[in-house]
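Have a look at the structure below, then the notes.
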Amino acid sequence: MIEKKPILLPFPKLLILQDGFMSMKDEAHISISVFNGADIQFPVERLEGVITQILKIGVEITDEKNAQIVFLKNTSLPEQGYNLLVTKHGIKIEYNMGEGALYAVSTLKQLIVQFGAILPCLIIEDAPDFKRRGIMLDISRDKIPSMETLYNFIDFMADIKLNELQLYIEGFSFAYPSYPEVWKNGTPITPEEMIRLDFFCRERNIDLVPNQNSFGHMAPWLEREEFAHLAECPEGCLTPWGTLTRNTTLNPLDEDSIRLVKSLYRDLVPNFTSEYFNVGLDEPFELGHGKSKAAVKSLGEGRVYLEYLLKIYNEVNTLGRRMMFWGDIIIKHPELIAELPSNIIALEWGYEADHPFKDNCKKYRNAGIDFYVCPGTSSWCSILGRTDNMVMNLLNAAENGISNGAIGFLNTDWGDMGHIQYLPVSYPSFSFGAAISWGVKENKDIDFSSYLNRFVYKDKSGLMAELAFKLGNYYLFEKKMRSNGTGIFDILNSNPEELTTERLAIHDNYADMEQYLLDLLGRINIVQMDCEDAELILDEYRNGTRYVLHGLKRIRYAGSSSEEREKLRKELLADIESIMENHSRLWLRRNRPGGLERSLEYMKKLKAQYE
Numbered sequence: 099m100i101e102k103k104p105i106l107l108p109f110p111k112l113l114i115l116q117d118g119f120m121s122m123k124d125e126a127h128i129s130i131s132v133f134n135g136a137d138i139q140f141p142v143e144r145l146e147g148v149i150t151q152i153l154k155i156g157v158e159i160t161d162e163k164n165a166q167i168v169f170l171k172n173t174s175l176p177e178q179g180y181n182l183l184v185t186k187h188g189i190k191i192e193y194n195m196g197e198g199a200l201y202a203v204s205t206l207k208q209l210i211v212q213f214g215a216i217l218p219c220l221i222i223e224d225a226p227d228f229k230r231r232g233i234m235l236d237i238s239r240d241k242i243p244s245m246e247t248l249y250n251f252i253d254f255m256a257d258i259k260l261n262e263l264q265l266y267i268e269g270f271s272f273a274y275p276s277y278p279e280v281w282k283n284g285t286p287i288t289p290e291e292m293i294r295l296d297f298f299c300r301e302r303n304i305d306l307v308p309n310q311n312s313f314g315h316m317a318p319w320l321e322r323e324e325f326a327h328l329a330e331c332p333e334g335c336l337t338p339w340g341t342l343t344r345n346t347t348l349n350p351l352d353e354d355s356i357r358l359v360k361s362l363y364r365d366l367v368p369n370f371t372s373e374y375f376n377v378g379l380d381e382p383f384e385l386g387h388g389k390s391k392a393a394v395k396s397l398g399e400g401r402v403y404l405e406y407l408l409k410i411y412n413e414v415n416t417l418g419r420r421m422m423f424w425g426d427i428i429i430k431h432p433e434l435i436a437e438l439p440s441n442i443i444a445l446e447w448g449y450e451a452d453h454p455f456k457d458n459c460k461k462y463r464n465a466g467i468d469f470y471v472c473p474g475t476s477s478w479c480s481i482l483g484r485t486d487n488m489v490m491n492l493l494n495a496a497e498n499g500i501s502n503g504a505i506g507f508l509n510t511d512w513g514d515m516g517h518i519q520y521l522p523v524s525y526p527s528f529s530f531g532a533a534i535s536w537g538v539k540e541n542k543d544i545d546f547s548s549y550l551n552r553f554v555y556k557d558k559s560g561l562m563a564e565l566a567f568k569l570g571n572y573y574l575f576e577k578k579m580r581s582n583g584t585g586i587f588d589i590l591n592s593n594p595e596e597l598t599t600e601r602l603a604i605h606d607n608y609a610d611m612e613q614y615l616l617d618l619l620g621r622i623n624i625v626q627m628d629c630e631d632a633e634l635i636l637d638e639y640r641n642g643t644r645y646v647l648h649g650l651k652r653i654r655y656a657g658s659s660s661e662e663r664e665k666l667r668k669e670l671l672a673d674i675e676s677i678m679e680n681h682s683r684l685w686l687r688r689n690r691p692g693g694l695e696r697s698l699e700y701m702k703k704l705k706a707q708y709e
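All letters in the sequence shown, in the order written, are residues 99 to 709 by my numbering.
And the structure:
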């Protein structure tokens, strides 16, 4: 019997190690038999690929009951549940539905990667806590992944038993057939590409859910002359957050707003087979400050919002989909939650460790409304992540979601302010989120760094996960925590006159943070990753760390004497030029060119300051 438990993510509900091993080493081929298994063609093909690619052993599909690997349908198991039995004589996989068979194969793949052709005898009984476990990627601000990146990402999701993907759309990251003029100069995902992604996801038991914002976050549309009249505040307006000069919110009282949204839906939704549709509706910042001011004063913000939501709901019903929406506005008006349509799904989002998931989840539960919990990766507006916040935010969401009957867990990865962070910065969050959404109790204290090192980074040194976690905790040196980002990111996006003594005071220990980052940057050079994109990951972390260090140098510049400033100015100029060049190169390795120039605008402003 092996002494240590295997590295498995998510860790199963029950794992019992037994004496002995099952050997596939001496077989010329492995035979797989399937009984009552018409719905598991892909899981069988996936296992065949694992065995041939990793073990270099031939595979034969047979109906013999004495085959080395047997798939057996067991209708007493939960829909997504499976049993995996490894004995000295072979492997038995029990499943109820096809997804359970696929999850068993994912577990078996992790065992084969660790132990090769000599597998330990064991019993695994497993099923998830959350029925729906997903990731949302922001593909609109400003990073649109290449198809290769998306295909690789979907396979990564399948390996860790996730079953939902949403690609967040605002603006023109989708090629709407009805509006070719809005995206003709970009590189959006086309309808044909979305259909291919949907099929690729469906094979892997991942539901690709259409996601289209439909109220706030409409700035790219409202900035165009032909749609400007639909804005809530065409001339800008004063809100509790200050004066907004960029129109972001549709006028909810204008039927032309509904007609625009309806046309977007008609272009987007038919490319998906999902029964669900996320229509957004979050953060309509200008609501009640422009054309709807009188209605909001008379009826209340919540009522005006709900009436608009119900119009959107009718359009979604017409398309035969089940509507999801972000719950940040309706949760402020809990008395209206009971008036929501019974089959709607509210998405309860919050990205800080102390977000009130407990209280908010109870409001949906008490009203009988289905809901998801939607924490985040904490990577946006941070460059390198916020590791500790991420872990606590995800755990808070999972524990309170389970205790209050949430039907889904959606881990969100946003791209605010140029989508500066690189995709690998979110790998720790994606992995931990997959683990705790599968089983909170079994995975809340899991060593998911071991999984990352073994299966994602393939790092023989065993260092990369630790370095990623520590780089993501640089923000802990800041005296005052900033919600939804870090103070350094704030300083990188501020004009020189805004770098007041008060704002810089949270970084009076910047020398310690600088030494911390430099030490970690040096240790990156000794990792021994063997994944296909190893050098790319290292370059992404190096450039991200250099950008954070650049922010620290700005602090030093702001507090320097006049004699020191000219030298520091030249250093900052050379530094930002190098960071921009690398950012462009790295961006194009995983993403389409559209959006890159917008992302660079934030760095170009710094360059202009130094020039």
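Note that CB positions come from ideal geometry on N, CA and C, so glycine has one too.
Query                                                                                                                 : Result
Nearest to N498 (by Cα), restricted to the options D452, V132, Q166                                                   : D452
Of the residues I653, Y193, L565, V148, the one placed nearest G39, counting alpha carbons only                       : Limits of the chain in this structure are 99 at one end and 709 at the other, which puts residue 39 out of reach.
N- and C-terminal bounds of the alpha helix (DSSP H) containing Q208                                                  : 196-213
Whole-Å CB distance - A532 paired with L260, under 8 Å assumed                                                        : 5 Å
Environment of G314 [buried if 16+ CB atoms lie within 10 Å]                                                          : buried
Close Cβ partners of L106 (< 7 Å) along its chain, the five nearest in sequence each way excluded                     : T205, Q208
Secondary structure of I267, DSSP reduced to three states                                                             : strand
Test item: CB-CB of L112 and E192 under 8 Å                                                                           : no
Length of the line joining the Cα atoms of A609 and E381                                                              : 38 Å
CB contact flag (V157, K190, <8 Å)                                                                                    : no
Residue-level contact to chain B via CB, W281, 8 Å cutoff                                                             : Absence of chain B from the displayed structure is noted, only one protein chain being present.
Any alpha helix (DSSP H) of 4 or more consecutive residues that is wholly inside the region 531-594                   : 538-541, 546-549, 562-569, 585-590
Contact between the region 585-595 and the region 648-663 (3+ Cβ pairs under 8 Å)                                     : yes
C-beta contact flag for I410 and L379 at 8 Å                                                                          : yes
Neighbourhood of E450 by C-beta distance below 8 Å, restricted to the same chain and skipping five residues each side : N487, N491, S581, N582
Nearest neighbour of Q212, chosen from D305, I427, E268, K558 [CA to CA]                                              : K558
DSSP three-state assignment for G232, whether helix, strand or coil                                                   : strand
Option in G198, K154, T150, T185 with minimal Cα separation from L172                                                 : Note that residue 172 is Asn in the sequence shown here, rather than Leu. Residue G198 is the option with its Cα nearest to N172.
Distance CB(P243)-CB(R687) smaller than 8 Å                                                                           : no
One or two residues paired with H127 in a DSSP bridge                                                                 : G156
As assigned by DSSP and simplified to three states, the class of P50                                                  : With the chain covering only 99 through 709, there is no way to say anything about residue 50.
E279 - DSSP class collapsed to helix/strand/coil                                                                      : helix
Local conformation of V377 per DSSP, three classes                                                                    : coil
Length of the line joining the Cα atoms of C634 and T584                                                              : Per the sequence shown, the amino acid found at residue 634 is Leu instead of Cys. Going from the Cα of L634 to the Cα of T584 covers about 25 Å.
The region 267-283 contacting the region 297-305, beta-carbon criterion three pairs below 8 Å                         : no
Buried or exposed by the 16-neighbour rule on C-beta atoms within 10 Å, applied to H517                               : buried
Best match in L445, R231, I429, M195 for proximity to F423 [C-alpha to C-alpha]                                       : L445
In chain order, each alpha helix (DSSP H) run of at least 4 residues that lies wholly inside the region 475-524       : 485-501
Bridge partner(s) assigned by DSSP for S355                                                                           : Paired residue(s): none; S355 is not in a bridge.
From K577, D514, I505, residue whose alpha carbon lies closest to that of T475                                        : D514
For V538 and A60, believed in contact at Cβ under 8 Å, the rounded distance                                           : Nothing about residue 60 can be reported from this structure: the residues present for the chain run from 99 to 709 only.
Sufficient close CB pairs (3 or more, under 8 Å) joining the region 396-416 to the region 425-435                     : yes
Coil, strand or helix - P218 by DSSP                                                                                  : strand
Length of the line joining the Cα atoms of N164 and M122                                                              : 15 Å
Coarse secondary structure for P243, derived from DSSP in three states                                                : strand
Proximity of L328 and F383 at Cβ, strictly below 8 Å                                                                  : no
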